[in-house]
Amino acid sequence: MLQLVWFKRDIRLFDHQAIHHAVATGEKVLFMYIAEPSIWQAGDLAKRHLTFMQQSLEDIQQSLRKIGGELYVAIGEMESILDDIYKMYGAFRMHSHYEHGIQPTFDRDLRVKRWMHEHTCLWTEYADFPVVRGKNAPRRRDFLKEWIKEPILAIPRQVFSLSTVPNELTNDLTILESLQVPGEEKAIDIRGGEKEGIAYAKRFFEEKYMRYNIDMNKPYVAPSSSSIISPYLTWGNISLKSLMRAVQKHMKHLKQTANPSEYDFLFEQLKSFQARLEWRSSFVQTVENFPMMHIRSLDSRFEGIRHQNPELLNAYIKGETGFPFLDACMRSLQQTGWINFKQRAMLATFGCNVLLLDWRVVGKVLAHAFTDYDPGIHWKQMQLQSGIDPKHHIPMHNVIKQGKENDPKGEFIKLYIPELRHLDDTNIHEPWSLEINPYITPIIDLKQSMDDHKKLLYGIKKNGHASE
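With positions in the sequence shown counted from 1, the corresponding number in our numbering is that position plus 2.
So this is what it looks like as structure tokens:
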């Protein structure tokens, strides 16, 4: 029987359960990635993501060919592609990892499950993250303990590939460029691919982790001590399990080799990184439980209070609000596809709570900009940062204060706003205080907006019970 491996957000060969089990049958394997318009054109994905995905696919295509395999792609809905495969080969077995996305992927999975049942084909799904699915699923904490013990799977030495495939499938990956998705084609430093992801991980453990905790909130130096590995986890170029095992390995090595006076400090850097890897799955679990997270507020009392303001939104997107630190962060994000978490939170709260723009609109802007956009993490964070999670407070970061704390000399600002390079650190965060402002006039009165919106939002939060 033909074996199918359906790639989604798991574009790698190492530690890949679907590949392992398909190849273990000894049967011929069809490796495929289907770019589904219902997913890619749902509104949350952008050209930046498609480029990263295509680079990732090109990387594993080269790797597959070395072991006798071939990767095929198509643009179309999954059921239609399955129809074509079924017409040519009859019943088959499909292997894939679970995908934990928003409603479009949830609906797609239901359609595919129905198709497989109607055609008497077996579909086996595997957990790529310690995230549980279904009413009878074990507690996530218990599942995590068992999941982390599972073996790390090697890349197969040899696979048996098909000689013919349906016409709808092709090994020419450039066809993906014809898929219409929002956003502009922008060259960014972060390139997709399993080899790239492994290189980033290796560099982090060998050169960068030593100041992980110290520099993480400072955007000028954060890239030199952060792993920048989140895009590779998001798109599955690296398995979370193998990375968590690598952290454990380096902790043990550190204990054996580190200078006693440095051990505690260095161990804490790795411990902090480890904690963030574990947090990823807890956030992803929320969208697994609530796939409408990108549309429906966890607290409906806040519906209707935010507005649509194209002028404010456009200034926000371009990084032209008149607040240097905020603008530098947005410009950096738009150019590079990455920024540290502290400033992600600041960008989100400014858009949602200071400008009072709709959290869904702000969320989509940021989703398009983040190369590492993961629906589970992103939309839960948007609800948290906009203050509509009933269990949390309403964050409202003062962007001037943030700049002075995390970029005191204005080094990051000068990197992205060249017209302010001549200013010293006493003026660069508030250039409007100069007799002649060399920068854009702020689009809002920051203090007034923060005071007014804090009063409005907390007034709603304190008024009665949360409504979900």
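Even glycine gets a Cβ: it sits at the ideal position worked out from N, Cα and C.
Predicted model only: the values in this text are computed from it and were never measured.
Asked	Found
Using 8 Å as the cut-off, can you tell me whether the segment 304–324 makes contact with the segment 404–413, which would need three or more C-beta pairs spanning the two stretches below that distance?	no
Run through the segment 95–144 for me and flag every whole alpha helix (DSSP H) of 4 or more residues, listed as ranges in chain order.	105–120
Could you tell me the alpha carbon to alpha carbon distance between Y375 and Q43, rounded to whole angstroms?	15 Å
Of all the options Q63, Q56, I62, F33, which has the alpha carbon lying nearest to the alpha carbon of I87?	F33
Taking the alpha-carbon of V356 as reference, which of L448, R423, S228, P262 has the nearest alpha-carbon?	L448
Start and end of the alpha helix (DSSP H) containing Y214?	214–217
Check whether the Cβ atoms of Y128 and A20 lie closer than 8 Å to each other.	yes
Give me whichever residues DSSP pairs with Y74 in a beta bridge.	M34
Classify E209: buried if its beta carbon has 16 or more other beta carbons within 10 angstroms, exposed otherwise.	exposed
Residue range of the beta strand (DSSP E) that Q5 falls in?	4–9
What is the DSSP secondary structure of H22, counted as helix, strand or coil?	helix
In the DSSP output, which residue or residues are listed as bridge partners for S163?	V31
Could you please give me the residues that DSSP links to T351 through a beta bridge?	Paired residues: none, contrary to the question.
On a CA-only basis, which of F269, P39, D111, S165 is nearest P293? Give me that one, please.	D111
Note down, in chain order, each residue of its chain lying with its Cβ closer than 7 Å to the Cβ of T107, except the 5 sequence neighbours on either side.	I41, E101
Tell me whether the beta-carbon of M246 lies closer than 8 Å to the beta-carbon of L272.	no
For Y460, tell me which candidate among E437, P410, P397 has the shortest Cα-Cα distance.	P397
Cβ of V249 within 8 Å of Cβ of F325?	no
When you compare the CB positions of Y74 and T176, do they come within less than 8 Å of one another, or not?	no
Within 8 Å of any Cβ in chain D, is that where the Cβ of P392 sits?	The question asks about chain D, but that chain is absent: this structure has only one protein chain.
To the nearest angstrom, how far is it from the Cα of C354 to the Cα of F16?	40 Å
Is L359 helix, strand or coil when you go by DSSP?	strand
For H309, which three-state DSSP category applies?	strand
Rounded to whole angstroms, how far is the Cβ of Q5 from the Cβ of H97, which I believe are closer than 8 Å?	7 Å
Below 8 Å between beta carbons: does that hold for M384 and W361?	yes
How is the alpha helix (DSSP H) around K89 delimited, first residue to last?	80–91
Just verifying my parser: in three-state terms, what is the DSSP assignment at T172?	strand
Whose CA, out of I307, H309, F352, G339, lies closest to the CA of L328?	F352
Do the segment 115–122 and the segment 55–69 meet, that is, are 3 or more Cβ pairs less than 8 Å apart?	no
Distance, Cα to Cα, A76 vs L84?	11 Å
Which of the three DSSP states is assigned to P221 in this structure?	coil
Under the three-state reduction of DSSP, which class applies to I379: helix, strand or coil?	helix
Where do the N-terminal and C-terminal ends of the alpha helix (DSSP H) with T236 fall, by residue?	232–236
Given that a residue counts as buried once 16 or more other Cβ atoms are within 10 Å of its Cβ, and exposed if not, what is M169?	Sequence check: residue 169 is Asn here, not Met. Answer is exposed; the Cβ neighbour count stays below 16.
What is the rounded straight-line gap between the Cα of E280 and the Cα of Y35?	28 Å
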